[in-house]
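S.K.:
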Amino acid sequence: MTDDLETYLRSTLGHASERAPLAPAGLPGRIVARSRRRRMRLHAMLAGVAAAAVAVPLAVIQPAGTGPGVGTGTMDPARYGERDLQKRPPVGERLVIDNPSEGRPIEFWFTRAESGSVHLCVRTQIREGGSRSFCGNDPAAGSASLKGSTESWPPRDSVLYYGASGEGVSAVTAVTAQGVRTQGTIRRPAGAPQSIWTVTLPSTAKVSSFEFADAGGAVRASVENRRLTVPEATAAPAGKERRLGGGLTANVYRTPDRTLIWKLDGKPVGTHLVREKGLMTDLGGHTYPVELRERDHRWFGIASAETAEVELVFADGSTVSARARRDPWDIGVRLFAGTHDRDGDIYEEGFQIVGHDADGKEIWRQPH
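Sequential numbering of the sequence shown, starting at 17, is according to the numbering used here.
1) Buried or exposed for aspartate 346, please, with buried defined as at least 16 other CB atoms from any protein chain shown within 10 angstroms of its CB.
2) DSSP three-state label for proline 121, please.
3) How about the segment 323-337 and the segment 357-373: do they share at least three Cβ pairs that are nearer than 8 Å?
4) Can you check the segment 272-300 for any beta strand (DSSP E) of at least 3 residues that lies completely inside it and give the ranges in chain order?
5) Do arginine 309 and glycine 317 have their beta-carbon atoms positioned less than 8 Å apart in this structure?
6) How far does the beta strand (DSSP E) with glutamate 327 in it extend, from its first residue to its last?
7) Among Leu295, Leu280, Ser225, which one has its Cα closest to the Cα of alanine 193?
8) Enumerate in chain order the residues of its own chain whose CB-to-CB distance from threonine 335 is below 6 Å, with the five nearest sequence positions on each side excluded.
9) Excluding sequence positions up to five away, which residues of its chain have a Cβ less than 6 Å from the Cβ of methionine 296?
10) Would you identify the three-state DSSP class for proline 411, choosing helix, strand or coil?
11) Nearest-angstrom Cα distance between glutamate 109 and lysine 222?
12) Out of Ala252, Gly282, Lys279, which one is the CA nearest neighbour of aspartate 273?
13) Rounded to whole angstroms, what's the CA-CA distance from glutamine 132 to glycine 158? Just pull it up for me.
14) Taking one C-beta from the segment 228-245 and one from the segment 152-166 each time, how about it: are there three or more such pairs within less than 8 Å?
15) From the DSSP output, read off the bridge partner residues of isoleucine 202.
16) Starting from the Cα of lysine 377, find the closest Cα among Gly360, Thr323, Tyr363 and give me that residue.
17) Exposed or buried, which one is glutamate 227 when buried takes at least 16 other CB atoms within 10 Å?
18) Considering glutamate 248, what are the terminal residues of the beta strand (DSSP E) in which it resides?
19) For valine 112, which of Thr140, Gly263, Pro383 has the nearest alpha-carbon?
20) CB tyrosine 178 to CB glycine 195, shorter than 8 Å?
21) Measure the alpha-carbon distance for glutamate 123 versus arginine 342 and round it to whole angstroms.
If you want it as structure tokens, here you go:
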């Protein structure tokens with residue numbers, strides 16, 4: 017990728033983030049901006065831009081608890097993104113740990129606003145390629161605060177919750193609606209103004225709150241957690257389900273945009289935004305030939321209408337292929353689905369995805 021293209025994508029994504037709606041203070045929950053955030057994430061992955069997608073969080077953490085400390089949740093009017101990081105250098109060292117949702121590193125650090133308030137910044141590497149980063153709108157202050165999580169939809173197997181904590185906090189515990197308690201980890205990077213806490217849980221765990229205790233075990237603060245809410249989770253089908261083998265099915269849903277949702281044995285595992293406007297088109301207005309998803313040794317997705325067969329070519333030369341079938345909902349794409357027997361992460365191993373027309377001629381190729 018050229019430097020000019022990367023600069024263009026960074027700038028475009030940054031301006032898009034500024035136009036994203038700001039959640040009002042006190043919003044009781046976390047809502048995913050449907051089309052914009054999903055398209056920004058997808059375009060960043062396809063472009064392969066490291067640290068490109070600037071995701072302005074819509075999270076508002078509503079504090080709970082009656083102890084001497086409370087979780088912070090006031091929205092800061094300032095907005096920070098990847099393009100601001102040169103002007104807002106890290107305060108203290110960075111913390112890099114494993115992100116169980118992506119199987120890639122996740123990076124945390126603090127920065128300071130012109131007002132003097134401290135903000136937690138996050139950079140998440142995406143399994144499919146590229147990364148996204150942001151600095152939170154709300155300051156890291158008080159005894160403890162919940163700043164976000166890697167929760168997504170369709171859900172991954174595990175979720176990493178994270179935030180900041182002040183002096184006197186020695187332990188963090190996640191509490192589910194059923195009363196199950198899971199202790200997390202608190203780390204203080206050298207020179208950092210606060211500590212960074214994390215808790216990893218299965219995505220099925222219904223976390224109701226996080227408790228923060230001092231060295232003696234006394235609870236200093238409690239912060240309420242609101243689970244991710246997305247329209248796809250409850251959307252009604254807008255067409256007839258298509259079975260594609262290997263336990264995979266696909267159907268179109270109104271979210272309110274048209275979204276193609278893949279399910280494996282009845283559980284959602286992948287999505288594509290398939291509204292007519294901007295279908296398989298990047299931020300520069302250029303169309304791309306394929307959107308690939310991979311889960312549990314299944315590889316599946318959508319391809320351009322002239323594609324008749326899709327092939328995965330692995331680094332050792334071995335291949336698997338799948339027939340591209342016409343979609344029954346008149347979207348204007350082809351559907352493909354297949355299985356592979358590769359151990360480990362195929363994105364770490366590396367592969368190419370290749371499209372062929374009805375005569376067997378190669379018409380596009382995309383390296384990963």
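By construction, the Cβ of each residue, glycine as well, lies at the ideal position given by its N, Cα and C atoms.
M.R.: Let me spell this out:
1) exposed
2) strand
3) yes
4) 274-280, 283-289
5) yes
6) 325-330
7) Ser225
8) Glu327, Val329
9) Thr303, Tyr304
10) Lying before the first or after the last residue shown, residue 411 is absent from the chain, which here runs from 17 to 384.
11) 32 Å
12) Ala252
13) The question names glutamine, yet the displayed sequence has glycine at residue 132. Answer to the nearest angstrom: the Cα atoms are 15 Å apart.
14) yes
15) Trp213
16) Thr323
17) buried
18) From DSSP, glutamate 248 is part of no beta strand (DSSP E); its letter is neither H nor E.
19) Thr140
20) no
21) 42 Å
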